[in-house]
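Presented below is the structure to which this report refers.
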Amino acid sequence: MKSSIFLILAVLGGALIPFQAAINSILAKNYGNPFLAALTSTFISFSSLLVIIIITRQQVGLSINTNWWILISGGLIGAFVVYVSLTSAPILGVSTLFAALFLGQLIASLFIDHFGILGLQTRSIDISKILGIFFLVFGFYLVRKSSN
Numbered sequence: 003m004k005s006s007i008f009l010i011l012a013v014l015g016g017a018l019i020p021f022q023a024a025i026n027s028i029l030a031k032n033y034g035n036p037f038l039a040a041l042t043s044t045f046i047s048f049s050s051l052l053v054i055i056i057i058t059r060q061q062v063g064l065s066i067n068t069n070w071w072i073l074i075s076g077g078l079i080g081a082f083v084v085y086v087s088l089t090s091a092p093i094l095g096v097s098t099l100f101a102a103l104f105l106g107q108l109i110a111s112l113f114i115d116h117f118g119i120l121g122l123q124t125r126s127i128d129i130s131k132i133l134g135i136f137f138l139v140f141g142f143y144l145v146r147k148s149s150n
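Sequential numbering from 3 applies to the sequence shown in this note's numbering.
Rendered as structure tokens:
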């Protein structure tokens with residue numbers, strides 16, 4: 003039951019990401035500056051999370067063992083993804099953009115799982131995962147072909 007809830011939330015979150023890219027693209031067009039649009043988006047994200055932390059009285063602290071690169075890499079990756087999404091959506095179209103992003107996500111996640119990168123539990127690559135990548139590559143081809 004618990005994993006079902008997280009699966010539903012993941013699908014919902016995934017469904018919202020293309021809207022975020024489209025909205026941020028509009029914001030970039032209105033500003034005339036994609037970096038300002040990305041900054042606005044991440045500032046709103048930061049502010050929203052800060053309010054949630056304050057309202058729910060979450061305990062905040064860092065372990066003395068936290069590496070500096072762990073501290074900053076999530077934000078840097080997030081800024082890059084927001085920027086790529088908002089600048090690529092008007093050029094590629096949202097469906098092609100997210101087919102490409104999803105392809106990259108799935109390939110990277112297979113390596114992260116297989117090798118236990120960043121200390122995560124290892125999960126071996128098997129034939130079903132390889133077939134999934136194959137079908138995703140084929141799906142990306144079809145989405146891209148229909149967009150041209």
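Ideal Cβ positions, reconstructed from N, Cα and C, are used throughout, including at glycine.
Close Cβ partners of residue i (< 6 angstroms) along its chain, the five nearest in sequence each way excluded
{"i": "alanine 30", "result": "Pro36, Ala39, Leu88"}
{"i": "leucine 105", "result": "Leu138, Phe142"}
{"i": "isoleucine 129", "result": "none"}
CB of residue i within 8 angstroms of CB of residue j, strictly
{"i": "threonine 98", "j": "serine 47", "result": "no"}
{"i": "proline 20", "j": "phenylalanine 100", "result": "yes"}
{"i": "valine 96", "j": "alanine 17", "result": "no"}
{"i": "histidine 116", "j": "isoleucine 132", "result": "no"}
Contact set for residue i: own chain, Cβ-Cβ below 8 angstroms, skip 5 residues either direction
{"i": "leucine 108", "result": "Gly134, Ile135, Leu138"}
{"i": "serine 111", "result": "none"}
Buried or exposed (CB count within 10 angstroms, at least 16 for buried), residue i
{"i": "serine 43", "result": "buried"}
{"i": "valine 13", "result": "exposed"}
{"i": "valine 145", "result": "buried"}
{"i": "valine 84", "result": "buried"}
Proximal residues to residue i (C-beta, below 7 angstroms), its chain only, five neighbours per side dropped
{"i": "glycine 118", "result": "Thr124"}
With a threshold of 8 angstroms, are at least 3 pairs of Cβ atoms found where one atom belongs to the stretch 109-129 and the other to the stretch 52-63? no
Check whether the stretch 18-28 and the stretch 77-97 touch, using three or more Cβ-Cβ pairs below 8 angstroms as the test. yes
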